[in-house]
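Input: a single structure, listed below in structure tokens.
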Amino acid sequence: MTSGITKVTTHISPNEQLIFERSQSGRIGYRLPALDVEESSVDDLIPKAFQRDDDLAGVPEVSEVDVVRHFIRMSTWNYSIDVGMYPLGSCTMKYNSRLNERVARIAGFANLHPLADEEDIQGALQVIYELQECLAEITGLPGISLQPAAGAHGEMTGIMIIRAFLDARDGAAGSARRTMLIPDSAHGTNPASAHLSGFSVKTIRSTAEGLTDLDHLRELCAHGDVAGLMLTNPNTLGLFERNIKQICDIVHEAGGLVYMDGANMNALVGVARPGDMGVDVIHLNLHKTFSTPHGGGGPGCGPCCCTKELEPFLPVPRIVKNDDTYRLDHNEPKSIGRVKAFFGNYGMMLRALAYTLTHGNDGLREATEAAVLNARYIADGLTSDYDKPFDSPPMHEVVFTDKRQSRKGVHTLDIAKRLIDYGFHPMTIYFPLIVQGAMLIEPTESVGRQELDQFIAAMRSIAQEAVENPELVLNAPHDTRIGRLDEAAAARKPVLRWKQEPSTDYAEKQAKA
Amino acid sequence: MTSGITKVTTHISPNEQLIFERSQSGRIGYRLPALDVEESSVDDLIPKAFQRDDDLAGVPEVSEVDVVRHFIRMSTWNYSIDVGMYPLGSCTMKYNSRLNERVARIAGFANLHPLADEEDIQGALQVIYELQECLAEITGLPGISLQPAAGAHGEMTGIMIIRAFLDARDGAAGSARRTMLIPDSAHGTNPASAHLSGFSVKTIRSTAEGLTDLDHLRELCAHGDVAGLMLTNPNTLGLFERNIKQICDIVHEAGGLVYMDGANMNALVGVARPGDMGVDVIHLNLHKTFSTPHGGGGPGCGPCCCTKELEPFLPVPRIVKNDDTYRLDHNEPKSIGRVKAFFGNYGMMLRALAYTLTHGNDGLREATEAAVLNARYIADGLTSDYDKPFDSPPMHEVVFTDKRQSRKGVHTLDIAKRLIDYGFHPMTIYFPLIVQGAMLIEPTESVGRQELDQFIAAMRSIAQEAVENPELVLNAPHDTRIGRLDEAAAARKPVLRWKQEPSTDYAEKQAKA
Amino acid sequence: MLEAIGLKSAEQLFDSIPQELRLQRPLNTPAALSEIELLDKFDRLGRRNAAAQRISFLGGGAYSHYIPTIVDHIISRSEFFTAYTPYQPEISQGTLQTIFEFQTLVCQLTGMDLANASMYDGSTALAEAVLMAERITRRSKVIASAAVHPQYLEVVKTYVQHAGIDLELANFDEKTGQSAAALAEAIDDKTAALVVQSPNFFGCIEDLKALADAAHAKGALLVVAITEAMSLGLLQSPGACGADIVVAEGQSFGVPLSFGGPYVGLFATRDKYARQIPGRLVGEAYDKKGRRGFVLTLATREQHIRREKATSNICTNEGLIALAATVYMEAMGKRGIQEAAHQCLQKAAYTAKRIAAVKGFSLPFTGPYFNEFVVRGPLASSELLSRLAKEKAIEGGIALSRFMPDRANDFLVCVTETNTREQIDSLVSALSEL
Amino acid sequence: MLEAIGLKSAEQLFDSIPQELRLQRPLNTPAALSEIELLDKFDRLGRRNAAAQRISFLGGGAYSHYIPTIVDHIISRSEFFTAYTPYQPEISQGTLQTIFEFQTLVCQLTGMDLANASMYDGSTALAEAVLMAERITRRSKVIASAAVHPQYLEVVKTYVQHAGIDLELANFDEKTGQSAAALAEAIDDKTAALVVQSPNFFGCIEDLKALADAAHAKGALLVVAITEAMSLGLLQSPGACGADIVVAEGQSFGVPLSFGGPYVGLFATRDKYARQIPGRLVGEAYDKKGRRGFVLTLATREQHIRREKATSNICTNEGLIALAATVYMEAMGKRGIQEAAHQCLQKAAYTAKRIAAVKGFSLPFTGPYFNEFVVRGPLASSELLSRLAKEKAIEGGIALSRFMPDRANDFLVCVTETNTREQIDSLVSALSEL
Ligand SMILES: Cc1ncc(COP(=O)(O)O)c(C=O)c1O
Ligand SMILES: Cc1ncc(COP(=O)(O)O)c(C=O)c1O
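Chains as they are written, first to last, in numbering that gives the first Met the number 0: chain A, 0 to 512; chain B, 0 to 512; chain C, 0 to 433; chain D, 0 to 433.
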């Protein structure tokens, strides 16, 4: 504490403005080669009415160093995996290897056009094919499409495959099967994806133990309208659905199929395979389990893996191998169609294959073990101070609640914000929705014991602060560029873009002043 | 101010330890391919006595993610050009283009061995040759060696060339010329380099105007012992030595040569050429004027440029062109010899040539203009609040002093530290030595008016604080990971390396605790 | 550590998985490779992509534009690249402010009021736009131009198949290559939206203003798709023409070809439809001390709150690619985008003129174009292009027969600021030699 | 802005330069290139370096070792790469702490007490070591092994020419390739230092312990130079052998070949000589609150304080390259450095054995070697190697005749962990086919 001394508020770095507020007319930050062909009058080429007439108003004019400083400064306001542990439950924030980035930047891939001829893209197709083979082995599900761009996209793909399969199987009668069962603990994308595929959603309750309620499932399956079940396993509470086989049987017997949300596959890779459990179709999040970077919100890659039976329904084109040649197979009449232009988020496939190959089969399993071990270690370390709503030992992530702290008025949100002061990214909070004040902690395999101990110590210290000095926690974070923002006000009167004021040009403003 | 709330001190990022304190035996962060040749017993290959027997004690054992987090965290404790203005006088902290970095990483250069055959390194030699041509044109001095690794190295090279030339010219009588004249404002490397070349140093006074005292120079030149003069121009006060021609004449008439320290060439490129002023030999700092990155202390590149007359004395090998072929010329009997293995800091030459080519001849001059204009703008903006010891308008950098502030007990060091709170790197302080409480400010061309205004505003605000609230300035910086360090204590009992305590292994320590 | 939590073996970690469901053998995937081996493998694979090594005139939804070096530098910053979705605004302002800038830039370029934080790509953005138009108008018929990128149409078809939407195609004019007239004609009172791409798949610029008027006259929306975002540097913005929803593929702005992805979908609309937009939105917000910051906002549209009633199922989007596009747009700036667009136009015009002068070659469409145009050659374009590739190492264009079997001799040529005159001339002389 | 400071033209900025000294014409250097053109130019030039594309067995002071990807990632961080020398410790702790770790690692590897923050390279570090030995002993004779890298010897010669130092060379043993015995013999009471390289230029390992004893017996210092730092992973440290000053080229630790530079000189010595060491030193320090930090220390040795009496003129050093070496050493760690060294040894032994078995080839020296060794071929090595390069695309070694004209048929072969068995076998079969 530097008491009595006013802290500086004009530090340029935390006060970096919007780029539009830095723009100065006439500044440039690029240089292109001079035009090397004869120039025609633009009016001769394009009718005046089709030409832009606003001189790109508002688009900034800045120098290269302005741009660099702008982004470098802003970047310093972010937390990131490379800075420290990022224990966001369900999000699997594991270390993103720079080696994989290097692979993705190899010119033979980075400069490759997706519409070049098949024979000129053999290396690229081989990558897709090899990754498909690895994922098939890991999931135990042989039919694969890498086209979906993210988890939710994979869900939509998988659910549409289920629908196409049922319609093909049941003919006109298929239209009676328009119910998708989804546990109350599921991620929001599950119902949204089911809806996109034209299903109505029925919610299955969880038991006190945190698992799917079999009785409720049976009850819901009794009406002949069930197209399928969407289940996350381990579920979003971090618990393995140990009745999975039975669950699949119940759904199958009711004429439905089982979709597994594979966002938590990092608890299973090398240990157990959805295909062996009776699951029909699954999506993976390569941006979770296979460590492709999250990039502040994406890109992802959400491959859809399914049984042999469902394979004909996968999106086209499929990537297949004939002898030593890789081919694009467009000719799949049962296919649900294309879900994305070209081949999906290809760059993520390169990274995921690199991940798979550098880990090797042993390493993949070791990563799973470490992820689960680390979660267990945290579970162990925090039970004395936090309420753990489910007794069973967790898999790769563990859920706690704010039950004890809330007695003092300290809630999950406050605990999360206070963690920031200790140098950690908060855990996932208020998810899954069924746990009041949920704190879902997923350390991943990318932390060592030292960092785990620091995290546990921080959490314990916060628990103590919640008793001794709740204000400290309630007003957290104390050390960031900005404090808690008024989100309600922001939503009430949303300002979603910058707008030019009469004069924001820096030089003009200066000249006036 | 978050009064009443204890700030967190356990934030992991600012508390990142030494890597040795993180080491945990058995951890690894690398993977090599398996050995693919038959393995011999090491004892059969190397006598036991020649083998290492300490198991590399102390070398850390950490995972890849440990290493990444370690360095990323530490990096956040640094200020850098990419974060903001870095107005270190004499150091020329201009923007380092990423494009130049990309050029330096092109495989054909990065993977090139320096001892490959001449015909297999033609591209690399062409780069050297083209850069030589550009520097010859810029300095007006046609003889060039790029071998020196930094400015001081270039100085040593240049001074040795002068000595070799004099000895060749004067024969045995040369031994009477062993005095090098150096102004009192010179950089410390100048006398040190002169000493390395076996000269004794005599100091020339500066006038009240901040320029070389011609009378004193004449006086010192009267004894027949002068080998030469080392002059910085613009000098370290940021002033152009407008009598340079006369100065050179005086030295030449006294039988000596003129060495120019070219660290400030960024004030002259495209505007005036040392060769046209009568200078015999100069070094350039490619890591200043030509924007190769400083990298936290280096590497640099300090080419030595000289007149035709001195050319035979340059280090070998020289890079020459015959028709369309580039050759290494080792056969220069008058050469002072080699000053560095291979060809010098080649990677810096690539960057400097890229800088020269992307700027183009116009752009080089424009950069000079902008650098001088920015310094003038600052000179103008600060004269009302700070003492400016020399009246003449500065070139690329301007010196102020703490004369006014020191009346309140606030000194240059305090002002510098307080600037940190405002988000700026301090200027160069207490250099040149002849100005009491010097603050040498060099904005370079890499800042726009907005940032200049912010800097001026910060400096003015500090001047006001020095009057109104001197404690605030005296205790700065307030916002950094650590405060001012006790440098005297550090030098008294230096701890220059980490040493292993009985048990610092993390796991062992934990096990005990 | 196992000991510390009271376990004896790693296997015990998985006790909650029934024994019979556990894999009893090692995974049958390859053993671990070292860095050296891995890079070697991918280097070899990369070299098997012959197309990446050739002079190229391929476009059709994926464009070779110059990418300033700083783009990759900035997106490779750990703080951007290894961050998650900015759910904790206090330690995510870097991401949030850049998204706010991205949204603003997209609005400026498209001429629209507001834009979201990105969609997967142009094709899925278009599909979402169609669904949104249905939600807004509560009408079920959607008329799309047959000159929309064929793969985009396929994706739309997939997305709408269970949404009760009737997708009709309106043909393009065989002479001009434009489709506006046919679209305007097909509209009726049940039409939710007209869907058009401009420049369209053939490179021809559509009359958006006329289309907007026609759509609005019937209470329908105009949805405009753009695959070549660079055209916005020069062509009238869809917003100024009256479009209601504009989607675009942002790949042209600083994103490598990368065999088709990851790219980034731009999605912009009118203020009045703010609560119907899919995807994330970032808005301005203030803390207690009045400091400006940014947050994810209007989340009640989204799946994590609204579940099956959300405006879309999208969660992970294309954050890092949106960042790349943001850096690109800011680094190039107003003048850079204009100049790049201008060079595309000029170089394409030069190329078209030169090719049209080669015996046996003609330009079947008369509509104005930006940087892509269709060429009709003297033989099957698939054969012609394959010979061009093998004999001259030139990727000369995209055979339209891949998408439209009846257009055997037509191919699509794309020219950008990266194609030098030397390359163009070599294409022309190669064509004349074939 | 000109106006703001009362000027009318940019030319007026230079009023203090006499008119006749100003350049009255544009610089005669090339006009500006755009990014595209620049990259194109350097790509072409890079391709003209045929040697960079070939399988290589070149060493001789510059080695091809594997560089973990994270090294470049970390040194490319803006905060490291665009920072200056850490003169302001409060905002330079990142640089300072890494240098402190670098100094520690250099001590651990060399077995010495303290190390500086880096020198320009191995050769200049050696020259500075010789000057330092003179300062310490106040003796003027220095005896160096003729098996020290020839370019290092040249640099030492240049540096000491005006320092009143008498540099004598002691020959190596024609049979063993080692020089320890000859050196020990040449020593006398005037000798300031013995200078030896190990492994020496021929790859042979010297008996440092014996040399140290011999030097110390006469009150001289032992200066050890190392060009192949990787050897420290396996060979007894010079510190353990009794060396007084150890210098090394650090390039093997994570630094690309880059045609000879920038590399990094390591410089280590004994505690008692701390105040004689050249270059920067970083030491531990504490602030008022007792927090540990690091500062540049013992600056009174340096030029900016001591001017002509400084221990060296060095100012700018090789900071960023020292950082690369630090990242390398920490990422590889104890086990990685050991394994890389082990693989070098094993692969070199395998290669030597195979080559020695080829008719016409032999190994002239019997001394033990690490990863380099001399081969004697059946014809002039310059011709042999040039044919190997052109016909087989293999850089087979360095012709010793470049440095020692009497060794026409000898060449130096270097093998590292990056040379696969396939490469080695192809070298061997190429040699047998020539
Ligand atoms: C359990 C679960 N399911 C689905 C998703 C959706 O995946 P995505 O964000 O890639 O669309 C997520 C992640 O956000 C998730 O955690
Ligand atoms: C005026 C002046 N001369 C010489 C030097 C020495 O250059 P270097 O640090 O590259 O050795 C410097 C820079 O530090 C300088 O500012």
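Even for Gly, the Cβ is constructed at its ideal location relative to N, Cα and C.
Suppose you measure from the CA of D/L233 to the CA of D/F201; what does that come to, to the nearest Å?
Near 18 Å, if we compare the C-alpha coordinates of D/F201 and D/L233.
Which residues of the stretch 52 to 78 of chain A have a Cβ closer than 7 Å to any Cβ of chain D? Give them in chain order.
For the stretch 52 to 78 of chain A, the set of residues with a beta-carbon nearer than 7 Å to any beta-carbon of chain D comprises I71, in chain order.
For C/P404 and chain A, any beta-carbon pair shorter than 7 Å?
Chain A, which has no Cβ nearer than 7 Å to the Cβ of C/P404, makes this no.
For C/F252, which residues in the same chain have their Cβ closer than 7 Å to its Cβ, ignoring the five residues on either side in sequence?
A228, A324, Y327, M328.
Quick one: is the Cβ of A/S205 within less than 6 Å of any heavy atom of ligand 1?
No heavy atom of ligand 1 is found nearer than 6 Å to the CB of A/S205.
List the residues of chain D whose Cβ lies closer than 8 Å to the Cβ of C/E338, in chain order.
Per Cβ cutoff of 8 Å: no residues; C/E338 is ~11 Å from chain D at best.
Would you kindly work out how many angstroms separate the C-alpha atoms of A/Q125 and C/R43, rounded to a whole number?
C-alpha of A/Q125 to C-alpha of C/R43: approximately 11 Å in a straight line.
Please state if the CB of B/L309 and the CB of B/G197 are separated by a distance shorter than 7 Å.
The Cβ atoms of B/G197 and B/L309 lie no closer than 7 Å to each other.
Apart from the five residues just before and just after A/M0, which ones in its own chain have a Cβ nearer than 8 Å to its Cβ?
Low per-residue confidence applies at A/M0: pLDDT is 28, beneath 50, and the placement is therefore not dependable enough to give any value.
For A/P302, which three-state DSSP category applies?
The three-state reading of DSSP puts A/P302 in coil, since its state is none of H, G, I, E or B.
In terms of residues, what are the limits of the alpha helix (DSSP H) holding D/Y158?
Its alpha helix (DSSP H) spans residues 149 to 159.
Partner residues on chain A for B/H358, Cβ-Cβ distance less than 7 Å:
Against chain A, the beta carbon of B/H358 has no neighbour under 7 Å; the closest one sits roughly 10 Å away.
Consult DSSP for A/D169 and reduce its assignment to one of helix, strand or coil.
Residue state, collapsed to three classes: helix.
Would you say B/G3 reaches chain C, if we count a Cβ-Cβ gap shorter than 7 Å as a contact?
Annotation note: pLDDT 38 at B/G3 (below 50); position unreliable, coordinate value reported separately. It does not: the Cβ of B/G3 has no partner Cβ on chain C nearer than 7 Å.
Beta strand (DSSP E) segment containing A/P190, residue limits:
For A/P190, no beta strand (DSSP E) segment is defined; the enclosing uninterrupted segment is the alpha helix (DSSP H) at 188 to 195.
Would you verify that the beta carbon of A/P32 is, or is not, closer than 7 Å to some beta carbon of chain D?
Yes, its Cβ sits closer than 7 Å to a Cβ of chain D.
Under 6 Å from any heavy atom of ligand 1, by CB: list those residues in chain order, please.
That query returns the following residues: A/S89, A/A149, A/G150, A/A151, A/H186, A/T188, A/T231, A/T235, A/D260, A/A262, A/N284, A/G299, A/G301, C/C314, C/T315.
Do you know how far the Cα of A/H410 is from the Cα of A/H222?
Near 42 Å, if we compare the C-alpha coordinates of A/H410 and A/H222.
Going by beta-carbon coordinates alone, are D/S311 and D/E133 separated by less than 7 Å?
No, Cβ-Cβ distance for D/S311 and D/E133 is not below 7 Å.
Using C-beta distances below 7 Å, list every residue in its chain close to C/A298, excluding the 5 sequence neighbours before and after it, in chain order.
When the five nearest sequence neighbours on each side are left out, the beta carbons in the same chain lying within less than 7 Å of the beta carbon of C/A298 are those of I304, in order along the chain.
Near A/M426, which residues of its chain fall below 8 Å by C-beta distance, leaving aside the five closest residues on each side in sequence?
Excluding positions up to five away in sequence, the list reads P86, L87, G88, A415, L418, M438, L439, I440, E441.
What's the gap between the Cα of C/Q342 and the Cα of C/I54?
Whole-angstrom Cα-Cα distance: 18 Å.
I'd like the list of long-range same chain contacts for C/I4, defined as Cβ closer than 8 Å, with 5 residues on each side in sequence excluded.
Annotation for C/I4: no residue places its beta carbon closer than 8 Å to its own, counting only its chain and skipping 5 residues before and after.
Indicate whether D/F171 and D/A143 have their beta-carbon atoms separated by less than 7 Å.
Against a cut-off of 7 Å, the Cβ pair of D/A143 and D/F171 comes out as no contact.
Below 7 Å between beta carbons: does that hold for B/L180 and B/I158?
With contacts defined as CB atoms closer than 7 Å, B/L180 and B/I158 fail to qualify as a contacting pair.
Give a yes or no on whether the minimum CB-CB distance between D/H64 and chain B is below 7 Å.
Interface residue (Cβ-Cβ distance to chain B less than 7 Å): D/H64 is not classified as such.
Can you tell me which residues form a DSSP beta bridge with C/Y285?
Note: C/Y285 sits in a beta bridge opposite C/R291.
Residues of the stretch 89 to 102 of chain D with a CB closer than 9 Å to any CB of chain B: list them in chain order, please.
Taking 9 Å as the Cβ-Cβ cut-off against chain B, the residues of the stretch 89 to 102 of chain D that qualify are E89, I90, S91, Q92, G93, T94, L95, Q96, T97, I98, F99, E100, Q102.
Does B/V7 come within less than 7 Å of chain C when only Cβ atoms are used?
The predicted model places B/V7 with a pLDDT of 47, which falls under 50 and marks its position as unreliable; any figure quoted below should be read in that light. Not closer than 7 Å to any Cβ of chain C, the Cβ of B/V7 fails to qualify, so no.
Are there three or more Cβ pairs, one per stretch, closer than 8 Å when the stretch 418 to 429 of chain D is compared with the stretch 345 to 352 of chain D?
Judged by Cβ distances under 8 Å, the stretch 418 to 429 of chain D makes contact with the stretch 345 to 352 of chain D, as three or more pairs qualify.
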